[in-house]
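*Asks:*
2 protein chains.
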Amino acid sequence: MAESAFLGTSLGVVAPQRFVYADPFTLKCGEVLSGFDLMYETYGTLNASASNAILICHALSGHHHAAGLHSADDDKPGWWNHCIGRGKPIDTERFFVVALNNIGGCHGSTGPCSMKPDGSGMYGPTFPVVNVEDWVKSQARLADHLGIQRFAAVIGGSLGGMQALQWAMEFPDRVRSAVVIAAAPKLTAQNIAFNEIARHAITSDPQFANGHYRDSGVNPDVGLALARMIGHVTYLSASGMGKRFGRQIKSGDLRAGADVEFQVQSYLRYQGQTFSRQFDANTYVLMTRALDLFDPAAEFGDDLVAALSRATADFLVVSFTSDWRFPVERSEEIAHALLRSRKDVSHAIIESEHGHDSFLLPLPRYLDVLGTYLRRIHEEIHANAT
Amino acid sequence: MAESAFLGTSLGVVAPQRFVYADPFTLKCGEVLSGFDLMYETYGTLNASASNAILICHALSGHHHAAGLHSADDDKPGWWNHCIGRGKPIDTERFFVVALNNIGGCHGSTGPCSMKPDGSGMYGPTFPVVNVEDWVKSQARLADHLGIQRFAAVIGGSLGGMQALQWAMEFPDRVRSAVVIAAAPKLTAQNIAFNEIARHAITSDPQFANGHYRDSGVNPDVGLALARMIGHVTYLSASGMGKRFGRQIKSGDLRAGADVEFQVQSYLRYQGQTFSRQFDANTYVLMTRALDLFDPAAEFGDDLVAALSRATADFLVVSFTSDWRFPVERSEEIAHALLRSRKDVSHAIIESEHGHDSFLLPLPRYLDVLGTYLRRIHEEIHANAT
Numbered sequence: 000m001a002e003s004a005f006l007g008t009s010l011g012v013v014a015p016q017r018f019v020y021a022d023p024f025t026l027k028c029g030e031v032l033s034g035f036d037l038m039y040e041t042y043g044t045l046n047a048s049a050s051n052a053i054l055i056c057h058a059l060s061g062h063h064h065a066a067g068l069h070s071a072d073d074d075k076p077g078w079w080n081h082c083i084g085r086g087k088p089i090d091t092e093r094f095f096v097v098a099l100n101n102i103g104g105c106h107g108s109t110g111p112c113s114m115k116p117d118g119s120g121m122y123g124p125t126f127p128v129v130n131v132e133d134w135v136k137s138q139a140r141l142a143d144h145l146g147i148q149r150f151a152a153v154i155g156g157s158l159g160g161m162q163a164l165q166w167a168m169e170f171p172d173r174v175r176s177a178v179v180i181a182a183a184p185k186l187t188a189q190n191i192a193f194n195e196i197a198r199h200a201i202t203s204d205p206q207f208a209n210g211h212y213r214d215s216g217v218n219p220d221v222g223l224a225l226a227r228m229i230g231h232v233t234y235l236s237a238s239g240m241g242k243r244f245g246r247q248i249k250s251g252d253l254r255a256g257a258d259v260e261f262q263v264q265s266y267l268r269y270q271g272q273t274f275s276r277q278f279d280a281n282t283y284v285l286m287t288r289a290l291d292l293f294d295p296a297a298e299f300g301d302d303l304v305a306a307l308s309r310a311t312a313d314f315l316v317v318s319f320t321s322d323w324r325f326p327v328e329r330s331e332e333i334a335h336a337l338l339r340s341r342k343d344v345s346h347a348i349i350e351s352e353h354g355h356d357s358f359l360l361p362l363p364r365y366l367d368v369l370g371t372y373l374r375r376i377h378e379e380i381h382a383n384a385t
Numbered sequence: 000m001a002e003s004a005f006l007g008t009s010l011g012v013v014a015p016q017r018f019v020y021a022d023p024f025t026l027k028c029g030e031v032l033s034g035f036d037l038m039y040e041t042y043g044t045l046n047a048s049a050s051n052a053i054l055i056c057h058a059l060s061g062h063h064h065a066a067g068l069h070s071a072d073d074d075k076p077g078w079w080n081h082c083i084g085r086g087k088p089i090d091t092e093r094f095f096v097v098a099l100n101n102i103g104g105c106h107g108s109t110g111p112c113s114m115k116p117d118g119s120g121m122y123g124p125t126f127p128v129v130n131v132e133d134w135v136k137s138q139a140r141l142a143d144h145l146g147i148q149r150f151a152a153v154i155g156g157s158l159g160g161m162q163a164l165q166w167a168m169e170f171p172d173r174v175r176s177a178v179v180i181a182a183a184p185k186l187t188a189q190n191i192a193f194n195e196i197a198r199h200a201i202t203s204d205p206q207f208a209n210g211h212y213r214d215s216g217v218n219p220d221v222g223l224a225l226a227r228m229i230g231h232v233t234y235l236s237a238s239g240m241g242k243r244f245g246r247q248i249k250s251g252d253l254r255a256g257a258d259v260e261f262q263v264q265s266y267l268r269y270q271g272q273t274f275s276r277q278f279d280a281n282t283y284v285l286m287t288r289a290l291d292l293f294d295p296a297a298e299f300g301d302d303l304v305a306a307l308s309r310a311t312a313d314f315l316v317v318s319f320t321s322d323w324r325f326p327v328e329r330s331e332e333i334a335h336a337l338l339r340s341r342k343d344v345s346h347a348i349i350e351s352e353h354g355h356d357s358f359l360l361p362l363p364r365y366l367d368v369l370g371t372y373l374r375r376i377h378e379e380i381h382a383n384a385t
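Residue numbers (numbering that gives the first Met the number 0), protein chains in the order written: chain A, 0 to 385; chain B, 0 to 385.
1) Hey, out of A/168, A/294 and A/193, whose CA is closest to residue 313 of chain A's CA?
2) Given 8 Å as the limit, is there contact between the segment 143-163 of chain B and the segment 229-245 of chain A, that is, 3 or more CB pairs closer than that?
3) Nearest chain B C-beta to residue 175 of chain A closer than 8 Å, yes or no?
4) For residue 232 of chain B, tell me which candidate among B/96, B/104, B/321 and B/338 has the shortest Cα-Cα distance.
5) Taking C-beta to C-beta, are residue 56 of chain B and residue 127 of chain B nearer than 8 Å?
6) Ignore the nearest five residues each way along the sequence and tell me which others in residue 345 of chain A's own chain have a CB closer than 6 Å to its CB.
7) Grab me the residues of residue 368 of chain B's own chain with a C-beta within less than 8 Å of its C-beta, minus the 5 sequence neighbours each way, in chain order.
8) Does residue 261 of chain B get closer than 8 Å to chain A when you measure Cβ to Cβ?
9) Name, please, each residue of chain B whose Cβ falls closer than 8 Å to the Cβ of residue 371 of chain A.
10) Could you give the first and the last residue of the continuous alpha helix (DSSP H) run that contains residue 365 of chain A?
11) Tell me which same chain residues have a C-beta within less than 7 Å of the C-beta of residue 294 of chain A, skipping the five on either side of it?
12) Just verifying my parser: in three-state terms, what is the DSSP assignment at residue 157 of chain B?
13) Going by beta carbon distance, what residues of the same chain come within less than 8 Å of residue 264 of chain A, once the five residues before and after it are set aside?
14) Classify residue 21 of chain A as buried or exposed, calling it buried when 16 or more other Cβ atoms lie within 10 Å of its own Cβ.
15) Closer than 7 Å to a non-hydrogen atom of the ligand NAD - does that hold for the CB of residue 195 of chain A?
16) I'd like the list of long-range same chain contacts for residue 120 of chain A, defined as Cβ closer than 8 Å, with 5 residues on each side in sequence excluded.
17) For chain B, is any of its Cβ atoms less than 8 Å away from the one on residue 38 of chain A?
18) For residue 75 of chain B, tell me which candidate among B/64, B/85, B/206 and B/83 has the shortest Cα-Cα distance.
19) Just the chain B side, please: which residues come within less than 7 Å of residue 130 of chain A by C-beta, in chain order?
20) Any Cβ of chain B within less than 8 Å of the Cβ of residue 232 of chain A?
21) Which residues mark the beginning and the end of the alpha helix (DSSP H) in which residue 136 of chain A is found?
22) So, with DSSP's three-state summary, where would you put residue 195 of chain B?
23) Would you mind sorting residue 165 of chain B into buried or exposed? The rule is 16 or more other CB atoms within 10 Å of its CB.
24) For residue 274 of chain B, report the span of its beta strand (DSSP E) as first-last.
25) Measuring only the C-alpha atoms, how far is residue 267 of chain A from residue 379 of chain B?
26) Is it right to say residue 301 of chain B is buried, meaning 16 or more other beta carbons lie within 10 angstroms of its own, or is it exposed?
27) Do the CB positions of residue 154 of chain B and residue 97 of chain B come within less than 8 Å of each other?
28) What residues in the segment 189-207 of chain A bring their beta carbon closer than 7 Å to a beta carbon of chain B?
29) Looking at the secondary structure, which residues open and close the beta strand (DSSP E) in which residue 345 of chain A lies?
30) Applying a beta-carbon distance threshold of less than 7 Å, which residues of chain B neighbour residue 304 of chain A?
31) With 16 other CB atoms within 10 Å as the buried threshold, where does residue 269 of chain A fall?
32) So, for residue 428 of chain A: in the same chain, excluding its five sequence neighbours on each side, which residues have a beta-carbon less than 8 Å away from its beta-carbon?
33) With 16 other CB atoms within 10 Å as the buried threshold, where does residue 246 of chain A fall?
34) Relative to chain A, which residues along the segment 45-69 of chain B have a C-beta separation below 7 Å, given in chain order?
35) Three-state secondary structure (DSSP) at residue 221 of chain B?
36) Between the beta-carbon of residue 133 of chain B and the beta-carbon of residue 83 of chain B, is there less than 8 Å?
Here it is, written out as structure tokens:
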């Protein structure tokens, strides 16, 4: 791995790898994959006792490329590059970091864009329903492959935070600590409503072609762009948008009362268009469904405390004051249920006006909380080892 | 007018009327309408001095049919029927109430569905940009026609509240009191963003046909339904949706991790589909643009106090605690600017979990505040007359 710090990345050029799991894998919905591929990247070095591994779980539109560059002239580092690297909160001098693209994703792991094993073409919309539980189980297979019995930490934001929570419940022996950032124990009606509108925008685009758009040589660009625009507004806060865009005008004259284009309109359209060229529509539908379905308390009579009782990990819960998609109160639900379930839990509430997006941003106090927590975890590992 | 109370309406059957203004009418954007029609309804009796008239200004999707029934077997009274009638807050025993469909609307007033005067077909997307100022001026022409020099009150919620505010600034001599409900002095970036997404959903529907859908014999049902779904979620509150829908399931089994349909999904789709059959897409685009453009302080160097200084009316400002489209703070902006401009203003903050939609609902304290305020206005009119 290159030593020099390209564009602020201490990791230099990193190479994606492919994990091929060749055995049948039964999904929660009952369908069976004959196997699956997971694209992943690792940063840092696994120690001899394999006790310093950290798993990064991605959110709705994330992937395995969390840090570093893909080539020396790459101008865009991984999506959490400011958080992962030498001397960074997830410090690769101390930890061996694993990031992957989940099943159902569109960045090389088995998903709607994969070919069906029976040779009848691409899965497309026939790819089975995937649940957070499936992701966690498939990530455990990857951990087996990498020789990691127990993660020092499983970390994720938003949908990734749900995976971290699920890890702690599903594999208590394999998680020392779970870092659950800007997440919720289940979606509200409003959350589901926004997901439904996004899916409806995609599936009602004539170019969606019932999900067989690739067979038809088209792409539901319009629907996917709309879905992203809707999502994007819910990731930002009203006050943050106000400060960033306000009523700034891109073209036209407000006083003339004729057509005016506000900056925020042009920004949103650009966000939507860019996303629609980079992301798969069936994956978007699948990922938002997994969000809707996540509800670990459901099988415990809606008792989150009971659901969490299996966990043995320490928890760091992080939330952001202006996040209205998964507000501070949703993290409080998690933290309170963990406390009532007698777990070791800290809840850091970070002042931010960047809404849900905050979890992806280099906010000093957020990075400080994360770094401090992980240094403590590292010290404990070291103390236990000596 | 019928005396019996059909379905809780004290007004019985009411008849829409048409006001034809046949002179050129210059819009704020500079374009000139050769004339315009306004559909309107009236309830109650205008007194001899024409001092007891109230104007109701509608919001985005409203119209002239605010109260009563259109026939004896009509099962759906006007949109504000619980508020207007004998013994109701807007009491037709005391007041003569005028409700209209604004220019640009799709309920019979001159708008995108009207024929162009040059015989070249329907306006469609070529209908000029309409501003709140244009509506207020056209409403003043209707008032002239009805012999109303000065309204006892101009009342509106949301976009209608902006019209009430504009009336007080534009025609200070013609407004005794303005009731500004769930409104804002201008949209925020987030407000504009949601409008932009709704418009984008409509205009990118292939059946929108650049706004000429009626010529093509189609309708952008999908885009219009999406626009309504987006709008609808912003009219409700997260807590209200939680109590009404929560995670109730319409079909499927959550624990099976397969496809599940939540009640809120089916509700939203139904709302969208129903709306798309009843409302005109070009009107929706036009109305949301008018919302975006409203900014009375703009021509006063962004000084709302200066903009409001022209007004002489008394003001009642009403806001609702769970309204996140136009939160309480936006009404406070209006109320504070009015106070600083030395106006007589009351601001009633109504506890409600129904979000922005509250302004259309029969909430007891809201109706009480409105009724009490209007009784005081009526007493003042009576005192002045004797």
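Idealized CB from N, CA, C, for every residue including glycine. Quick caveat, the model's predicted, so the values are computed rather than measured.
*Replies:* Reading from the atomic positions:
1) Here residue 313 of chain A is taken as the residue at index 314 of the first sequence, counted from 1. Of the listed residues, the one whose Cα sits closest to residue 313 of chain A is A/168.
2) Verdict: no, contact absent.
3) Translated into the one-based positions of the first sequence, residue 175 of chain A becomes position 176. In terms of beta-carbon proximity, residue 175 of chain A stays away from the interface with chain B, with every pair separated by 8 Å or more.
4) The residue given as residue 232 of chain B occupies position 233 in the second sequence. Cα-wise, what sits closest to residue 232 of chain B is B/321.
5) Numbered from 1 along the second sequence, position 57 holds the residue referred to as residue 56 of chain B. Numbered from 1 along the second sequence, position 128 holds the residue referred to as residue 127 of chain B. Pairing residue 56 of chain B with residue 127 of chain B gives a Cβ-Cβ distance that is not under 8 Å.
6) Walking along the first sequence from the start, residue 345 of chain A turns up at place 346. In chain order, 315 place their CB closer than 6 Å to the CB of residue 345 of chain A, counting only its own chain and leaving out the 5 sequence neighbours on each side.
7) Translated into the one-based positions of the second sequence, residue 368 of chain B becomes position 369. Excluding five sequence positions before and after residue 368 of chain B, the CB atoms of its chain that fall closer than 8 Å to its own CB belong to 315, 317, 347 and 349, given in chain order.
8) The residue you call residue 261 of chain B lines up with position 262 of the second sequence. With 8 Å as the cut-off, residue 261 of chain B counts as an interface residue toward chain A.
9) Residue 371 of chain A sits at position 372 when you count from the first residue of the first sequence. The premise fails here: residue 371 of chain A is roughly 32 Å from chain B at the closest Cβ pair, so nothing lies under 8 Å.
10) On the first sequence, position 366 is the one that residue 365 of chain A refers to. That run of the alpha helix (DSSP H) goes 363-384.
11) Along the first sequence, read from residue 1 onward, the residue named residue 294 of chain A stands at position 295. 185, listed in sequence order.
12) Indexing the second sequence from 1 puts residue 157 of chain B at position 158. Assignment of residue 157 of chain B by DSSP, reduced to helix, strand and coil, places it in the coil class.
13) Within the first sequence, the letter at position 265 stands for residue 264 of chain A. Excluding sequence neighbours, residue 264 of chain A sits near 249.
14) The sequence position of residue 21 of chain A within the first sequence is 22, counting from 1. Exposed, because fewer than 16 other Cβ atoms sit within 10 Å of the Cβ of residue 21 of chain A.
15) Among the ligands in the structure shown, none appear at all, so the ligand NAD cannot be discussed.
16) Here residue 120 of chain A refers to the residue found at position 121 when the first sequence is read from its first residue. Residues of the same chain with a CB within less than 8 Å of the CB of residue 120 of chain A, apart from the 5 flanking positions on each side, are 114 and 214 in chain order.
17) Numbered from its first residue, the first sequence carries residue 38 of chain A at position 39. Taking CB atoms only, residue 38 of chain A has no neighbour in chain B less than 8 Å away.
18) Position 76 of the second sequence, counted from the first residue, corresponds to residue 75 of chain B. Checking every option, the nearest Cα to that of residue 75 of chain B belongs to B/64.
19) Here the question's residue 130 of chain A lines up with position 131 in the first sequence. Within 7 Å Cβ-Cβ: 256.
20) Translated into positions along the first sequence, residue 232 of chain A becomes position 233. By this cut-off, residue 232 of chain A is an interface position.
21) Counted from its first residue, the first sequence places residue 136 of chain A at position 137. Taken as a continuous stretch (DSSP letters only), the alpha helix (DSSP H) holding residue 136 of chain A covers 131-145.
22) As a working mapping, residue 195 of chain B is identified with position 196 in the second sequence. Helix.
23) Position 166 of the second sequence holds residue 165 of chain B. By the neighbour-count criterion, in which a residue is buried when 16 or more other Cβ atoms sit within 10 angstroms of its Cβ, residue 165 of chain B is buried.
24) Locating residue 274 of chain B in the second sequence gives position 275, counting from the first residue. Per DSSP, residue 274 of chain B lies in no beta strand (DSSP E) segment; the continuous alpha helix (DSSP H) that holds it begins and ends at 262-277.
25) In the first sequence, residue 267 of chain A corresponds to position 268, counting from 1. In the second sequence, residue 379 of chain B corresponds to position 380, counting from 1. Each residue's alpha carbon lies about 50 Å from the other.
26) Taking the second sequence and counting its residues from 1, one reaches residue 301 of chain B at position 302. Classification for residue 301 of chain B: exposed.
27) Locating residue 154 of chain B in the second sequence gives position 155, where the first residue counts as 1. Locating residue 97 of chain B in the second sequence gives position 98, where the first residue counts as 1. Inclusion of residue 154 of chain B and residue 97 of chain B in the CB contact set at 8 Å is not warranted, their separation being larger than that value.
28) Of all residues in the segment 189-207 of chain A, 189, 191, 192, 193, 195, 196, 199, 200, 203 and 205 have a Cβ within less than 7 Å of some Cβ in chain B.
29) Taking the first residue of the first sequence as position 1, residue 345 of chain A is located at position 346. Here the beta strand (DSSP E) through residue 345 of chain A covers 344-349.
30) In the first sequence, residue 304 of chain A corresponds to position 305, counting from 1. Chain B residues near residue 304 of chain A: none, gap ~18 Å exceeds 7 Å.
31) As a working mapping, residue 269 of chain A is identified with position 270 in the first sequence. Of the residues assessed, residue 269 of chain A falls on the exposed side of the cut-off, its CB having fewer than 16 other CB atoms within 10 angstroms.
32) Since the first and last residues shown for chain A are 0 and 385, residue 428 of chain A lies out of range.
33) For the purposes of this step, residue 246 of chain A is identified with residue 247 of the first sequence, where counting begins at 1. The residue in question, residue 246 of chain A, is buried, as its Cβ has 16 or more Cβ neighbours within 10 Å.
34) So the list is empty, because no residue satisfies the distance condition.
35) Against the second sequence, residue 221 of chain B aligns to sequence position 222. Three-state DSSP puts residue 221 of chain B in a helix.
36) If you number the second sequence from 1, residue 133 of chain B lands on position 134. If you number the second sequence from 1, residue 83 of chain B lands on position 84. Taking the C-beta atoms as reference points, residue 83 of chain B is found no nearer than 8 Å to residue 133 of chain B.
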